[in-house]
Structures are given as structure tokens and as C-alpha cells.
Amino acid sequence: MADLDTDAHHGFAAGLGDKLDAGVRSGLLRDLHAVVVRRAGRTVLERYYAGPDEAWDEQLGVTAFGPEVLHDVRSISKTVVGLLYGIALQRGLVPPPAAGLLAQFPEYADLAADPARRRICVRHALNMTMGLAWNEWLPYTDPANSERAMGRAADFKRYVLEQPVVAAPGVKWTYSGGAVALLGSLIERGAGMPLARFAAQALFQPLGIERFEWTARADGTALA
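Going by full-length UniProt numbering, the first residue of the sequence shown is number 1, and it counts up by one from there.
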């Protein structure tokens with residue numbers, strides 16, 4: 001653990017690290033695993049703590065977190081997929097945001113026969129405004145949770161695309177792991193490689209990220 005740099009240039013009060021430690025010990029700051037503060041190119045505070053950890057559905061017990069310990073980041077991967085889509089778009093590997101979404105999945109021509117679905121564009125998947133029914137606010141133990149139901153589906157892409165139309169595209173924001181799963185599929189198809197490999201080559205390695213794990217479905221496709 002690095003002590004707080006109290007140089008006035010950084011503008012932080014002395015003793016902040018000690019206060020964090022005390023808050024964790026008292027239970028006031030529950031489930032705080034790490035705090036890293038950088039300012040003006042310098043690390044001014046770095047603290048790691050122990051806490052419960054999991055990998056998707058697997059409970060890993062209490063982990064002593066540290067700078068070399070991989071942390072379950074859950075839906076942060078959705079933001080990563082958005083970044084990867086932008087990189088792939090710049091390289092000409094994926095369709096532009098204005099392209100029709102169902103047109104990118106010709107294997108579901110029956111769904112494209114619905115005019116309401118044909119109006120959904122890639123950008124609506126990017127900003128989660130596809131207008132399709134989706135509910136991830138239910139507990140993940142509830143079989144009606146859309147994310148869980150997608151995971152059980154024989155064809156997760158069809159499952160997402162065949163959901164009932166409940167709003168015009170671009171009108172209503174709905175948090176949707178299904179939208180991101182479709183984007184991940186487009187990236188994999190355009191890049192000609194698994195999403196995790198493209199992420200490593202196009203984003204993680206340039207950032208100096210050398211170690212990561214990306215959970216995959218039973219068929220090997222990444223859980224985007």
C-alpha cells in the first residue's frame with residue numbers, strides 16, 4: 001500500500017489513507033476492494049483490501065485484492081465492447097451505426113420480415129435503445145431475468161432479436177446485455193477472431209494490459 005502523498009500540489013488532505021483503512025475495519029465501507037488515486041501523472045494513494053469475490057456464477061470466497069489480482073468487473077465489459085466497436089469501425093471491420101441491425105444477421109430473415117424490427121439500426125444497439133422488451137432488473141436467480149434467459153437460449157442472438165417490440169427504436173433507453181451481445185458478435189464476425197483476442201490485440205496490449213480473463217459461453221463466444 002502506498003501512503004498518501006501530502007505535497008500541496010496534489011491537493012489531498014493528509015490521513016485520507018488512514019481514514020479509508022479505519023472505514024473498512026469498522027464496516028462503514030463495506031465491499032471496498034481497492035482505491036487508487038493518480039494526479040499529475042503520480043500515484044498519490046493506493047489501498048487494497050480483502051473481500052468476497054466471484055467469477056460469473058462461481059463464488060470464490062474472500063480474496064485479498066492487490067495490484068496483481070484480477071478483479072471481476074462484471075458489466076464494465078459493456079463499455080469495453082463499445083470501445084472495441086469503435087476501433088473495429090475505424091478499421092472497416094463492422095457496419096456503421098446507421099446500418100440496419102437485422103441486415104447484419106441474414107440468418108434471421110424471418111424476423112426481418114417485421115417492418116418494426118427492420119427499423120432497428122446498429123446505433124440503437126450501441127446506445128441500448130432498440131425498443132425490444134428486456135428486463136435485467138429482476139434478480140439474476142429469477143428465470144424471467146432477460147440476461148439469464150438469453151444464457152439458456154439455444155441461439156442467444158435469435159433470442160435477443162425476436163423479443164417483442166415495445167417502443168420505436170431510439171426512443172426508450174433499456175439496459176440490455178442482449179444489445180451488447182449482438183455487438184460482440186458483429187465484432188467477432190468482422191475481425192475474424194474471438195472477441196477476447198481482438199480486445200487483447202486492439203486495446204489491451206496498447207494500454208499495457210497483459211493479464212485478463214474473459215468469460216465465454218458454452219459455445220466459446222465471449223460474454224459481452
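A virtual CB, placed ideally from N, CA and C, is assigned to each residue, including glycine.
Because the structure is a prediction, the values reported are computed rather than measured.
- Item | Rounded C-alpha distance that separates A64 from Q104 | Computed Cα separation, rounded: 44 Å.
- Message: Any contact between the segment 197 to 211 and the segment 152 to 165? By contact I mean 3 or more CB pairs, one from each, below 8 Å.
- Response: No contact exists between the segment 197 to 211 and the segment 152 to 165.
- For V36, which three-state DSSP category applies? Residue state, collapsed to three classes: strand.
- Query: Would DSSP call Q201 helix, strand or coil?
  - Reply: It is helical.
- Message: Restricting to Cα atoms, I'd like to know which of R118, A153, P169 and L101 is closest to A133.
- Response: Relative to the Cα of A133, the nearest Cα in the group R118, A153, P169 and L101 belongs to P169.
- Task: Can you grab the Cα-Cα spacing for the pair G17 / Q90, in whole Å?
- Result: Each residue's Cα considered, the two are about 42 Å apart.
- Collapsed DSSP secondary structure at V94 in the structure displayed: Shown here, V94 sits in coil according to DSSP, grouped into three states, outside any helix or strand.
- Message: Which residue marks the beginning of the alpha helix (DSSP H) containing residue 301, and which one marks its end?
- Response: Residue 301 lies beyond the residue range present for the chain, which begins at 1 and ends at 224; the question has no answer from this structure.
- Query: Is the Cβ-Cβ distance between A88 and I187 less than 8 Å?
  - Reply: Yes; because the gap between Cβ atoms is below 8 Å, this pair is in contact.
- Message: Looking only at its chain, what residues have a beta carbon closer than 8 Å to the beta carbon of G51, apart from the 5 residues adjacent to it on each side?
- Response: Cβ neighbours of G51 beyond the five flanking positions: D31, L32, H33, V62, T63 and F65.
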